[in-house]
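Enquirer: Dropping the structure in here first, questions after.
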Amino acid sequence: MKAFSERNPAWIAVIGTVVLMAGCLTAFFSSSLPVIGSGTSYEARFTEAAGLAESNEVRIAGVKVGKVTGVRLDGTEVVVAFSVKDAWLGNRTTAAIKIKTLLGQKYLALDPAGDHELDPADPIPVERTTVPFDIAEATSGLATHLEEIDVDQLATSFRAMSAAFEDSPADVRAMLDGLSGLATTISGRDTELATLLRGMRGVSGTLADLDGEVGDLLTDGDLLLAELDGRREAMRRLLRGTDKLARQVVAVIGDNDDALAPALAKLDRVSRILQRNGGHIDEALRLLGPYYTLLTDATGSGPWVDGYLCGLFTEVDGVPRPQLDPRQPRNCHPEAGGGR
């Protein structure tokens with residue numbers, strides 16, 4: 001077997017390039033692989049997209065099981081491609097585009113049904129799909145159409161109708177007079193109405209742009225409330241435990257009152273004695289201080305005791321002799337140069 005350094009570098013480069021390309025392709029198309037991918041791919045047909053977009057969630061009974069992988073137009077119908085992982089879909093499965101948030105974000109809801117598994121090659125037909133009624137889009141469309149109305153022309157039409165039905169019965173004439181007054185009011189408020197409609201459109205657009213932020217805010221608020229609820233429950237458990245402990249302590253004291261009362265009385269007497277003799281103890285400790293200082297000085301030089309004995313010897317004719325006279329004063333001091 002040849003060593004690695006002896007092999008043809010050209011073949012090594014070719015094999016390495018092929019392996020690298022295979023790894024890149026595997027990583028790029030990993031979502032389409034059967035085991036580690038995003039799941040089985042299906043399609044459903046709708047009369048309109050209703051704001052559904054790629055990467056929106058796919059849910060079954062409120063649980064996320066996949067995502068939308070594409071939305072395209074096929075004639076007069078919209079084809080929604082989606083993937084589902086770890087979920088079973090029957091041949092009578094229904095699909096619906098539903099509103100996820102108040103600001104119009106959508107998701108695809110599936111309702112599995114049928115006796116046999118759904119074939120990925122057979123799209124869910126329009127007859128088994130539904131789309132939501134989007135309030136935001138309806139409001140925006142209303143604002144657009146109202147802005148296109150010529151209020152002056154509308155007022156003129158109402159006045160013409162009122163004049164044409166002038167000889168009609170009183171009820172009809174009153175109705176037309178009311179319509180004429182309404183048209184006049186609308187005409188007089190044309191500027192304010194246009195401003196209101198533009199404001200409505202601006203608010204709708206702003207809310208649509210902030211859909212993600214508002215959704216995150218609602219999610220974070222839900223997490224905060226859940227955490228606060230958990231802390232409240234923990235505090236309740238702590239209070240219940242404290243109350244239980246207090247009752248047990250009271251019960252123990254009550255059961256052992258005969259034994260604890262004499263012990264507590266003796267402890268109280270000991271405490272009073274210690275308090276009463278506290279000054280004596282302080283004075284004793286104060287007096288012991290100099291004693292232990294001198295004791296340390298005498299024994300701190302080594303394994304012996306240093307001392308100075310005064311007046312035990314005296315000189316008689318130049319010869320040191322013991323001085324045993326108890327009447328001899330003993331308050332002598334050592335000389336500066338030493339001595340006995």
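Number 2 in full-length UniProt numbering belongs to position 2 of the sequence shown; there are no gaps in the numbering. Quick reminder that beta carbons are idealized off the backbone N, C-alpha and C, glycines included. Quick caveat: nothing in here was measured; it's all calculated off a predicted structure.
Leaving out five residues before and five after residue 15 in sequence, what residues of the same chain have Cβ atoms less than 7 Å from its Cβ?
Expert: Cβ within range, chain order: n/a, list empty.
Enquirer: For residue 240, which three-state DSSP category applies?
Expert: Three-state DSSP puts residue 240 in a helix.
Enquirer: For residue 110, write down the residues that DSSP places opposite it in a beta bridge.
Expert: Residue 110 pairs with 60 and 95.
Enquirer: Under the rule that 16 or more other beta-carbon atoms within 10 Å means buried, what is residue 292, buried or exposed?
Expert: Its Cβ having fewer than 16 others within 10 Å, residue 292 is exposed.
Enquirer: Determine the direct distance from the alpha carbon of residue 181 to that of residue 174, and round the result to whole angstroms.
Expert: Roughly 10 Å between the two C-alpha positions.
Enquirer: Considering only residues of the same chain and omitting the five flanking positions on each side of residue 229, which have a CB-CB separation below 7 Å?
Expert: There are no such residues.
Enquirer: Can you pull the DSSP bridge partners for residue 129?
Expert: Answer is 95, bridged to residue 129.
Enquirer: Is the distance from the Cβ of residue 93 to the Cβ of residue 52 below 8 Å?
Expert: Not closer than 8 Å, so no.
Enquirer: Roughly how many angstroms separate the alpha carbons of residue 276 and residue 233, rounded to a whole number?
Expert: Using only the alpha carbons, I get a separation of about 50 Å.
Enquirer: Can you tell me whether residue 284 is buried or exposed? The criterion is at least 16 other CB atoms within 10 Å of its CB, across all chains shown.
Expert: Classification of residue 284: exposed, given that the 10 Å Cβ count is below 16.
Enquirer: Given a cut-off of 8 Å, decide if residue 109 and residue 45 are closer than it, judged by their beta-carbon atoms.
Expert: Not a contact, by the Cβ cut-off of 8 Å.
Enquirer: Going by DSSP in three states, residue 220 sits in which element: helix, strand or coil?
Expert: Three-state result, residue 220: helix.
Enquirer: In the DSSP assignment, what are the bridge partners of residue 67?
Expert: Its beta-bridge partners are 57 and 83.
Enquirer: Could you have a look at residue 118 and say whether DSSP puts it in helix, strand or coil?
Expert: Residue 118 falls in the coil class under three-state DSSP.
Enquirer: Considering only residues of the same chain and omitting the five flanking positions on each side of residue 43, which have a CB-CB separation below 6 Å?
Expert: Excluding residues within five positions, the ones whose Cβ falls inside 6 Å are 79, 81 and 123.
Enquirer: Give the straight-line distance between the Cα atoms of residue 224 and residue 242, rounded to the nearest whole angstrom.
Expert: Residue 224 and residue 242: Cα-Cα distance of roughly 27 Å.
Enquirer: Following the continuous beta strand (DSSP E) through residue 41, name the residue where it begins and the one where it ends.
Expert: Residue 41 -> beta strand (DSSP E) spans 40-46.
Enquirer: Residue 184: which of 191, 239, 266 and 156 sits nearest, CA to CA?
Expert: Comparing Cα-Cα distances from residue 184 to each of 191, 239, 266 and 156, the minimum goes to 156.
Enquirer: Taking Cβ to Cβ, would you say residue 49 is nearer than 8 Å to residue 71?
Expert: Contact flag set, yes.
Enquirer: In this structure, does DSSP put residue 73 in helix, strand or coil?
Expert: Looking at residue 73 - three-state DSSP - the assignment turns out to be strand.
Enquirer: Got a sec? Which residues, its chain only, sit under 7 Å from residue 19 by beta carbon, not counting five neighbours each side?
Expert: Once the five neighbours on either side are set aside, residue 19 has no close Cβ partner at all.
Enquirer: Using the three-state DSSP reduction, which class does residue 300 fall into: helix, strand or coil?
Expert: Reduced to three states, the DSSP call for residue 300 is coil.
Enquirer: Excluding the five sequence neighbours on either side, which residues of its own chain have a C-beta within less than 7 Å of the C-beta of residue 120, listed in chain order?
Expert: Taken in chain order, the residues that qualify are 40, 41 and 42.
Enquirer: Whose C-alpha, out of 57, 17 and 265, is nearest the C-alpha of residue 68?
Expert: It is 57 whose Cα lies nearest to the Cα of residue 68.
Enquirer: How about residue 65 and residue 86: do their beta carbons lie closer than 8 Å?
Expert: Yes.
Enquirer: Quick one: measure Cβ to Cβ for residue 219 and residue 131, integer angstroms, because I've assumed they're closer than 8 Å.
Expert: Contact doesn't hold; Cβ gap of about 26 Å is too wide.
Enquirer: Can you tell me which of 160, 192 and 197 puts its alpha carbon nearest to the alpha carbon of residue 179?
Expert: Comparing Cα positions, the closest option is 160.
Enquirer: Thinking C-beta only, is residue 90 closer than 8 Å to residue 125?
Expert: No, Cβ-Cβ distance for residue 125 and residue 90 is not below 8 Å.
Enquirer: Taking the straight line between their C-alpha atoms, what separation do you get for residue 197 and residue 191?
Expert: Looking at the two C-alpha atoms, the distance is approximately 10 Å.
Enquirer: Classify residue 51 as helix, strand or coil using the three-state DSSP reduction.
Expert: Residue 51: coil per DSSP, three-state reduction.
Enquirer: Quick check: residue 253 and residue 260, are their CB atoms within less than 8 Å of each other?
Expert: Going by C-beta atoms, residue 253 is nearer than 8 Å to residue 260.
Enquirer: Nearest-angstrom Cα distance between residue 83 and residue 107?
Expert: Cα to Cα, the separation comes out at about 13 Å.
Enquirer: Given this structure, state the Cα-to-Cα distance separating residue 35 from residue 77, to the nearest angstrom.
Expert: Note on residue 35: pLDDT 46, under 50, position unreliable in the model; no value is reported.
Enquirer: Taking all protein chains shown into account, decide if residue 103 is buried (16 or more other Cβ within 10 angstroms of its Cβ) or exposed.
Expert: That one is buried.
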